[in-house]
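Structure, as structure tokens:
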Amino acid sequence: MPATLPLLEVLRGAETYLADRGVENPRLNAEHLLAHALGLKRMELYLQFDRPLTEAERAPLRDLVKRRGAREPLQHVLGTVEFHGRTFTSDKRGLVPRPETEQLVEIALEITKGKTSAVILDIGTGSGVIALTLALEIPSAEVHAVDISPDALTLAAENAARHELAARIAFHQANLLPPGDTKFDLIVANLPYIPAGDIAALSPEVRHDPLTALDGGPDGLDLIRRLIETAPERLTPGGALLLEIGIGQADAVNTHLAARKFRDISVRSDYQQIPRFAVGFHG
């Protein structure tokens, strides 16, 4: 093997390796991995295609490419995920946040606009990106975050420390609603909504996520139904429940919200025009 290889040749080799293993967007993935290995921004690679890379520089990339070729999520390989313009730690302890969840945050910001002392609860917080983003965007808010998984809560706490929010987020280990009698102006939840029978057919990358963050029971709505049933007792008058839901679940979720006397119920679509976000107001 040559002592050095041009950066572009190394990049193309990584791209071919990933493509042969079924990785979507292999060139983009290879660029992210090579930039990470070299400590560069991805776009900086384009200015250095002729740069000779030594064996010592290429060795770390090989391990990263092998992990990605085994269909480990790119965010886990890199150790970070970009969400709403910020960087968060990402690993197997929590669900990799999807792009549509940024829209969930945007809707939450619309609902709380003008509330100078909003009390917000994020249920199923995972890596904490929803709760932490809302805390950063609404400095006056009181933010609580719940997860049943202690590993996920540890990851969320690390992300809180990363963004200097440790003193502003109250973390709770609980199954849905936290203990106590605190009332919330907004409860936001990206709960597991995939039907159990569909999980085996998910991409290998998605199946790296914790099963508890994916499995929504036979029809995907087990936890969503439970939350709709119990949330009213913890919402302030006029408080909102905001849910991210799965494909084909909008009608059922609407029915459940109406049965619990939520008002001004609406469903919004994501950027792929899939009904994805359900909102209902209490009282």
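According to the working numbering, the residues represented by the sequence shown are 5 to 287, in order. Note that CB positions come from ideal geometry on N, CA and C, so glycine has one too. Model, not experiment: these values are computed from the prediction.
Checklist entry - In the DSSP assignment, what residue or residues form a beta bridge with residue 266? => result In DSSP, residue 266 forms no bridge with anything.
Next on the checklist: Taking DSSP's pairing of strands, which residues face residue 285 in a bridge?
Outcome noted: The secondary-structure analysis by DSSP pairs residue 285 across a beta bridge with 244, 267.
Item to check | Start-end ranges of the alpha helix (DSSP H) lying completely within the stretch 37–82, minimum 4 residues | outcome: 59–73, 78–82
Checklist entry - Does DSSP put residue 86 in a helix, in a strand, or in coil? => result strand
Checklist entry - Out of curiosity, what's the CA-to-CA distance linking residue 84 and residue 102? => result 13 angstroms
Checklist entry - In three-state terms, what does DSSP make of residue 236? => result Residue state, collapsed to three classes: helix.
Checklist entry - In whole angstroms, what is the alpha-carbon distance linking residue 244 and residue 264? => result 13 angstroms
Checklist entry - Rounded C-beta distance between residue 195 and residue 227? I'm assuming under 8 angstroms. => result 4 angstroms
Next on the checklist: Tell me which residues share the same chain as residue 2 and place their Cβ nearer than 6 angstroms to its Cβ, disregarding the 5 neighbours each side in the sequence.
Outcome noted: Coverage of the chain is limited to positions 5 through 287, which leaves residue 2 absent and any answer about it impossible.
Item to check | Range of the contiguous beta strand (DSSP E) that encloses residue 191 | outcome: 188–193
Item to check | For residue 133, three-class secondary structure by DSSP | outcome: helix
Checklist entry - Any idea what DSSP makes of residue 148, helix, strand or coil? => result strand
Checklist entry - Which class does residue 202 belong to by DSSP, given the choice of helix, strand or coil? => result helix
Item to check | Close beta carbons around residue 9, own chain, < 6 angstroms, minus the five adjacent residues each side | outcome: 57
Checklist entry - Closest by CA to residue 106, which one among 230, 283, 274? => result 274
Checklist entry - Between the C-alpha atoms of residue 21 and residue 55, what's the straight-line distance to the nearest angstrom? => result 21 angstroms
Checklist entry - Any idea if residue 290 is buried or exposed, counting beta-carbon neighbours within 10 angstroms, 16 or more meaning buried? => result With the chain covering only 5 through 287, there is no way to say anything about residue 290.
Checklist entry - Under 8 angstroms between the Cβ atoms of residue 285 and residue 111? => result no
Checklist entry - Three-state secondary structure (DSSP) at residue 288? => result There is no way to answer for residue 288, as the model of the chain reaches only from 5 to 287.
Next on the checklist: Let me check understanding here. Comparing Cα to Cα, which of 137, 147, 77, 64 lies closest to residue 88?
Outcome noted: 137
Item to check | Endpoints, the beta strand (DSSP E) within which residue 116 is located | outcome: Per DSSP, residue 116 lies in no beta strand (DSSP E); the unbroken alpha helix (DSSP H) holding it starts and ends at 103–116.
Checklist entry - Roughly how far, in whole angstroms, is the beta-carbon of residue 39 from the beta-carbon of residue 64, given that I think they are within contact range, below 8 angstroms? => result With 8 angstroms as the limit, residue 39 and residue 64 do not qualify as a contact, their Cβ atoms being about 12 angstroms apart.
Next on the checklist: Taking the straight line between their C-alpha atoms, what separation do you get for residue 127 and residue 59?
Outcome noted: 46 angstroms
Item to check | Identity of the residues DSSP links to residue 276 by a beta bridge | outcome: Bridge partners of residue 276: none, in fact.
Next on the checklist: I'd like to know if residue 287 contacts chain B, where contact means its C-beta is closer than 8 angstroms to some C-beta of that chain.
Outcome noted: Checking the listed chains, one finds no chain B in this structure; it contains a single protein chain.
Checklist entry - Roughly how far, in whole angstroms, is the beta-carbon of residue 212 from the beta-carbon of residue 96, given that I think they are within contact range, below 8 angstroms? => result Right, their Cβ atoms sit about 6 angstroms apart.
Item to check | Beta-carbon contacts of residue 30 that lie in its chain and below 6 angstroms, excluding the five residues immediately before and after | outcome: 19, 22, 23
Next on the checklist: Considering only the alpha carbon of each residue, which of 225, 71, 93, 13 lies closest to residue 158?
Outcome noted: Residue 93 is the option with its Cα nearest to residue 158.
Checklist entry - If you draw a straight line from the alpha carbon of residue 53 to that of residue 62, how long is it in whole angstroms? => result 14 angstroms
Next on the checklist: Alpha carbons only, please: which of 252, 246, 262 is nearest the one belonging to residue 278?
Outcome noted: 252
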